[in-house]
Every structure is written in structure tokens, then in C-alpha cells.
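Undergrad: Protein chains in written order, with the working numbering: chain A, 3 to 339; chain B, 136 to 534. Provided herewith is a single structure, encoded as C-alpha cells, for subsequent inquiry.
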């Protein structure tokens, strides 16, 4: 196994000069932002470097919020985001005179996980999740959530507040009432998803959440909890199919990259973005996420081709637009820059 | 009871028993530490040793492919950063130590200053390395914000040794570059034929056409044509002496930061070595009419060199194992496609690679991480043994 995987790249390298098609493209691309989008960028980087070995791509994953900061300070060419840009962040980017193209790349199903030894949670409703995660309910034991559950202390492992995953979860369970996630001694947070996985694996009464791809890569020792779809009333387990069909609601979400338009003028960034579009389904599936509907990808490609700047998720008054991606990501909604 | 406690034989067996018990307790405690160390080493050896191979030692990091990944770049990066760090920290450290030990001022104010420097150095030796990381970030990466920071699509505030090109795409879908001359814009539009260099290094004239259809149909020939008005973007190739300010997230920044981390250690160990030189040697030299500088240069330094070198090597092994300051200054770089071209490049280093691999979602990287730990431990072991060898060898001579 080992010798095979080593020799294939060597073989490719050995064959390159013979084809006479040595690609001369060089340069630097700096990608920062969400750790949830990082696997997509890493996969794209790997494939792109297979064609253009001289382009140096650095991919960081310090969280969506930090990614937008880097975009505003001109530190990165592309910023990954697991939620759309907020109006406050948009204002900072505009103040810095930076323009961007908003590109949705994939769907992710935010996955709520428990320890496999936990046999009492069959499914969860959004209301139950509020009781568990919100600051105003902050249930102490599982019995407080459902009287038939054991009277054991709840322990939670959640992503840090700089991550888009935290924001997205907070929005689903707390937005209407202006509440945020609890942060007491029963909660441990980390920007490093691996810490969350280790935490939930090690404790029978623990619960945590992160992106679907991360769950997919760590199925051993974790169980994804089916979530009751508020519209149909059916409990749905996250999977590629249920996320794609929209049945897994309200926790399936789009992932984005934001491309600095000034950077897009650089040949290496342009080629990278074009390459990413050409291979998007392959990249997205290899990274463990769910491909977007073709209409959305086509609309995104139109924006990239014409360098249409601005976001689709903040309206002229600075209010956030929400709804299904297909209905929000349309040219009429583009504004802000 | 207190008067004949030591001489009374009546409690002797009881006290011996206590003494033995205490010895056993000490043995248990110290063997606990050894057991933990051995367990740690054993787990690392078990999970990592099968991964050690020539391919692993020379390869580069590959995403999602732990079997094919290697630490070649990390080893070169660590070695280079360590050498740079030594080149900066050791001369400054030894100089400071000589000043503190041999040139003690007589003036009251200067004595106070001397004491203050000494106190600061002793305190700095205990400062956590991540604090140095943040210091390095402000000092070297951003240069106290005295200059505009480095941005992805703006010219670098100040640079030398960069060879500037513009690169563009031909109608034959190949990428070519031509010298930038005195143009400074990040992107330009093609307005005239340019002497270009293709992927194989051949020079040719890139002809411009107004329409795609004006170019020849043959794909090979189309490689010599481009659309008028097509954009070309700036590309900087780095000569080995390429340098820019602010230093940015570069291996030079990381090396300078690590130099700060080990500087107090170098100073203190050099001071110890200088202090260990017998007073009589100095006095003999003074008696022969030597000046203070001659005493230091001809007698103290040669006698203290083994001790100074031992301290320097031990501090180097600290520098090579530090992850936190490097992470803060250079970021968690795992691999670069071009390798190191200049001091302004980023590079992976061993401790950061270990940290990143251990946290990778692909579990295979945990084994790779163990293998990298083995390599790092071997390097550290060699460095420390060299330090001990030097010490033992020269200690005898002086005595």
C-alpha cells in the first residue's frame, strides 16, 4: 500500500517532462477562514497543484470570523466561510476598499453527535436542542430535557465562538429570541474539531456538534442524532441524500468562499478559481460534503465571470436575508458593494 | 529526648526502618517518572517506527495521504531555522555574558544598570515561549506597524533581490512570463508584443492579435499568440538573497523569534562558564600586564569555550523543539510546493508538523506524527550527547 502510493506521484513526476506540457504557472495564493471549508480548499489545492505544481497555495482554518478579518485587511486572496458575511463584517470590508465575489461551494449538514453508549436519545426536536444549548434554559441534567431520560449531568462540546458553525447553530436555535449559546462549566469549546470528537467519544453523557464531513471522517465512536424536521415532523438522520434533498432541516447550510476581486486579476488565482469550478462536484464529494444544485453553481459562476461583487445575504438596509439558498442566491439580491 | 537523640541506641532499628521506607518511597517516585517516560516512548515507537523509511524522511506533506507524506521539508526547515537562530543568538549571547561577567562598571549608576540587565535576563529565561511568539509577531512580522503590512495584491513596501515578471496565458492555453521592466502595477493589459519565456525556459516573441480568429488554428502555433488587452499579472521570483520589509510570516522572522527565546539561556550558561574560570588565571594575565580585553580574549574565553559551547548546543536543542512561537509567527505551514528559495519563504518545521499531524482528522497522520516525533527525539538526543561529550572531554583538561 505504502510503496504504491509513494511511487504514483514519482511516476507522474517522471512522465511530466516527456509530455512537453510542463505548466509554467507560478505565484502565491493565500486562503484563510472557516475550518469547515478547509477540507474543500485543501482538496482543491491538492488537485490544482497536480496540474500547476509551481503555484504555492497556503490554506489556513482559523474560523469564519477571522477569515473575514483577513479579507478586510488584505491578508488573503480567498476566504472560506461556513455562513454568509454579516453586515458588520461587510462594513469593515467596504471600509478597507476591498471588493469580493461571493461563491457558494457546497452544502454541509451541521451534525449533532452523542456517544454510541447513549441509548436514550432517539431523536431531538429544535425545542429540545434549545433546552440543551441555550443560555436561558441551560438544562443541568438530561432529565431536565425529557423526564424519561436519566438524571445525569449534561456535558457539551461545542465549536468556539469565532467559528461559523457556532454562529449557524446559534442562529437556528436562538436568533428569534436574541439568545446565544450557554457558556457555563458544563460546556467546553474549541476551534479544533478534533477536541470535540475526543470529548464526545470519551463520555457517555456528552453531546457535541460540528460539520457533516468531520462526522463522516470520525464515525467510529460517534452517533449522529436524527433531528425532527420542523415542517414534516419526521426525524431525519444527516446523510449526503437527506442534506441534498433538504429533508435534513433546519441544520443543513451552504458553505462559501469569498474571492477578493483584486486577487482574481492575478492569473494564478483566476486559474485556481476556474479549476475549482470545473471540478467542484469532485472536490466537494472528496471533502465529504454535498454538491450544490446546478442552478446555484451556474449563478455563482456567472458572478465570478463578470466579477459581480457584493453579497446576496445582506439587503440595502443592512438586514440579513434568510431562506433557501436557491431563493436567496439570485442576481436581484446582490447588494452591499 | 532532644539531648541524646543522636546517640541513643534504643530507637536505632526504628529509625533505620524509617530511613529505608523513605528510600523506597523516593525510588518509587522516581521510577514512576521513568515508567511514564518509557510508556510514552514505547507507544510512540510502536505507532511510529514502522513508518520510518527513506521516503518518509525525504517526502513532503500530502493532504489526506498520510502514507505518502514525509518530513523532508520539515527537517530542512528546522535545520535552517536552527542555524540562523544560532548565528544570531550565540554571538549576542556570548557578548552579553562577557559584558556582564568581565566588564563590571565601577560607576554607581552603571552598576545599577548592570544589575537591572542581569535581573531582566534571569527573569526572561522563565517567560513562556508563546509570549516570545507574540513579541516576534509584533517585532519582526509587522515591524511595530511602522510600515504598511504585506498584503496579497499590493506591492511589498520594501524589497530587494526580487526578479519581477508579468505572467499571462496564451491562446494555446500555456502560461508565459516576461520581465516587468520598470512597471509596478499588480496587473497590466497587454498592448505590445513581448519577449516571453515559456515553461521550458525558451525565449520567444509573444504576438498580439485583436481577435481569436486572427491567430493560427494549429494549437502548437497558438502558443505564440495572445489577445490584445488580455491582462497579465505580476509575479516575483525570488533570488536566494531576496529580502523584504516588514519581514512578514517568513522563516527569518521565525528564526529571529527563536533567537529571542534562547538568548537568555545562552547568556546565563555562558556566564556560568565564564564564572567557572579560576580567578588565578585572570590574575596571572593581569600580572603579565595584559589589558582587560586581552585577558578576556586570550585566557578567559579559551578556558570557558567548552562550557559556552555546551550551553549553546543545549539552547539550540530547545530552539529546534519549540512549536508555539513558530506557530504564532509563521503559521501552521505543512508543506510548500516550491521548497525554500529565500529567507522570506515560509517553511514547515518538525514540531509544527508534529502538532498539525497529531490534530489531523485523518487518523493515519497520528502514526506519521509519531514517526516525526521519533526523528525529532533522535535529533535532540544527538545534540545533547554532543554537548555532554564536549563537556566531559574538556573538563578533564582544565582540571
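Virtual Cβ for every residue (Gly too), placed ideally from N, Cα, C. Computed from a prediction, not measured in an experiment: that's the story for all the values here.
Cutting at 7 Å between CB atoms, please list the residues of its own chain near residue 157 of chain A, excluding the five before and the five after it.
TA: 188, 205, 207, 208
Undergrad: Tell me whether residue 320 of chain A is buried or exposed, calling it buried when 16 or more other Cβ atoms sit within 10 Å of its Cβ.
TA: Around the beta carbon of residue 320 of chain A, fewer than 16 other beta carbons sit within 10 angstroms, so the residue counts as exposed.
Undergrad: Quick check: what's the CA-CA separation for residue 183 of chain B versus residue 69 of chain A?
TA: 35 Å
Undergrad: If you drop the 5 nearest sequence neighbours on each side, which residues of the same chain put their C-beta closer than 8 Å to that of residue 125 of chain A?
TA: 227, 228, 229, 230, 237
Undergrad: Have a look at B:326, B:493, B:283, B:485 and flag the residue whose alpha-carbon is nearest the alpha-carbon of residue 512 of chain B.
TA: Across the set B:326, B:493, B:283, B:485, the C-alpha of B:485 shows the shortest separation from the C-alpha of residue 512 of chain B.
Undergrad: In the structure shown, what three-state DSSP assignment does residue 538 of chain B receive?
TA: The displayed coordinates of chain B run from 136 to 534. Any statement about residue 538 of chain B would go beyond what the structure contains.
Undergrad: How about residue 220 of chain B and residue 454 of chain B: do their beta carbons lie closer than 8 Å?
TA: A contact, by the Cβ cut-off of 8 Å.
Undergrad: Counting C-beta neighbours from all protein chains within 10 Å, is the total for residue 286 of chain B 16 or more, i.e. buried, or is it exposed?
TA: buried
Undergrad: How big is the Cα-Cα spacing for residue 110 of chain A and residue 381 of chain B?
TA: If you draw a straight line from the Cα of residue 110 of chain A to the Cα of residue 381 of chain B, it is about 39 Å long.
Undergrad: Going along chain B in order, which residues have a C-beta closer than 8 Å to the C-beta of residue 57 of chain A?
TA: 472
Undergrad: Looking at chain B, is there any beta carbon in it that lies within less than 8 Å of the beta carbon of residue 110 of chain A?
TA: no
Undergrad: Are residue 182 of chain A and residue 249 of chain A closer than 8 Å when you measure CB to CB?
TA: no
Undergrad: Given a threshold of 16 other Cβ atoms within 10 Å of its Cβ, counted over all protein chains shown, does residue 338 of chain A qualify as buried or as exposed?
TA: buried
Undergrad: Within 8 Å (strictly less), CB to CB, does residue 198 of chain B reach chain A?
TA: yes
Undergrad: So the beta strand (DSSP E) residue 58 of chain A belongs to, where does it begin and stop?
TA: Annotation: the continuous beta strand (DSSP E) that includes residue 58 of chain A extends over 57-61.
Undergrad: Residues of chain A with a CB under 8 Å from the CB of residue 307 of chain B: which are they?
TA: Those do not exist, as residue 307 of chain B stays about 11 Å from chain A at its closest Cβ, beyond 8 Å.
Undergrad: Can you list, in chain order, the residues of its chain with a C-beta nearer than 7 Å to that of residue 315 of chain B? Leave out the 5 residues immediately preceding and following it.
TA: 299, 300, 301, 369
Undergrad: Give the residues of chain A in contact with residue 370 of chain B, contact being defined as C-beta atoms less than 7 Å apart.
TA: 28, 29
Undergrad: Tell me whether the segment 406-421 of chain B and the segment 304-319 of chain B touch, counting them as touching only if at least three CB pairs, one residue from each stretch, are closer than 8 Å.
TA: Fewer than three Cβ pairs drawn from the segment 406-421 of chain B and the segment 304-319 of chain B lie within less than 8 Å of each other, which leaves the two stretches out of contact.
Undergrad: Would residue 15 of chain A pass as an interface residue toward chain B - the criterion being a Cβ-Cβ separation below 8 Å?
TA: The predicted model places residue 15 of chain A with a pLDDT of 44, which falls under 50 and marks its position as unreliable; any figure quoted below should be read in that light. Not one chain B Cβ lies under 8 Å of residue 15 of chain A.
Undergrad: State the DSSP-derived secondary structure class of residue 248 of chain A, mapped to helix, strand or coil.
TA: coil
Undergrad: My assumption, with CB atoms under 8 Å, is that residue 88 of chain A sits in contact with residue 74 of chain A. Please give the rounded CB distance.
TA: Rounded, the Cβ-Cβ distance is 12 Å, inconsistent with contact.
Undergrad: Whose Cβ in chain B lies nearer than 8 Å to the Cβ of residue 219 of chain A?
TA: 496, 497
Undergrad: Count the other CB atoms within 10 Å of the CB of residue 508 of chain B; is the residue buried (16 or more) or exposed (fewer)?
TA: buried
Undergrad: Cα separation between residue 96 of chain A and residue 331 of chain A?
TA: 20 Å
Undergrad: Label residue 347 of chain B either buried or exposed according to how many other C-beta atoms from any shown protein chain fall within 10 Å of its C-beta, with 16 as the threshold for buried.
TA: exposed
Undergrad: Excluding the 5 residues preceding and the 5 following residue 310 of chain A in the sequence, name in chain order all residues of the same chain whose CB lies nearer than 8 Å to its CB.
TA: 103, 304, 333, 336
Undergrad: Got a sec? Which residues, its chain only, sit under 6 Å from residue 199 of chain A by beta carbon, not counting five neighbours each side?
TA: 220
Undergrad: At the 8 Å Cβ level, is residue 165 of chain A part of the contact set with chain B, yes or no?
TA: Using a CB distance cut-off of 8 Å, residue 165 of chain A does not count as an interface residue toward chain B.
Undergrad: What residues are listed by DSSP as bridge partners for residue 113 of chain A?
TA: A:212
Undergrad: By DSSP, does residue 330 of chain B sit in helix, in strand, or in coil?
TA: Strand, per DSSP.
Undergrad: If you measure from the beta carbon of residue 385 of chain B to each beta carbon in chain A, is any gap under 8 Å?
TA: no
Undergrad: Which residue marks the beginning of the beta strand (DSSP E) containing residue 47 of chain A, and which one marks its end?
TA: Here residue 47 of chain A belongs to no beta strand (DSSP E); instead the alpha helix (DSSP H) covers 40-53.
Undergrad: Residue 57 of chain A and residue 270 of chain A: beta carbons closer than 8 Å?
TA: yes
Undergrad: Do you know how far the Cα of residue 105 of chain A is from the Cα of residue 164 of chain A?
TA: 21 Å
Undergrad: Among the residues of its own chain, which have a CB less than 7 Å from the CB of residue 38 of chain A, if the five just before and after it don't count?
TA: Cβ neighbours of residue 38 of chain A beyond the five flanking positions: 84, 110, 166, 167, 213, 257.
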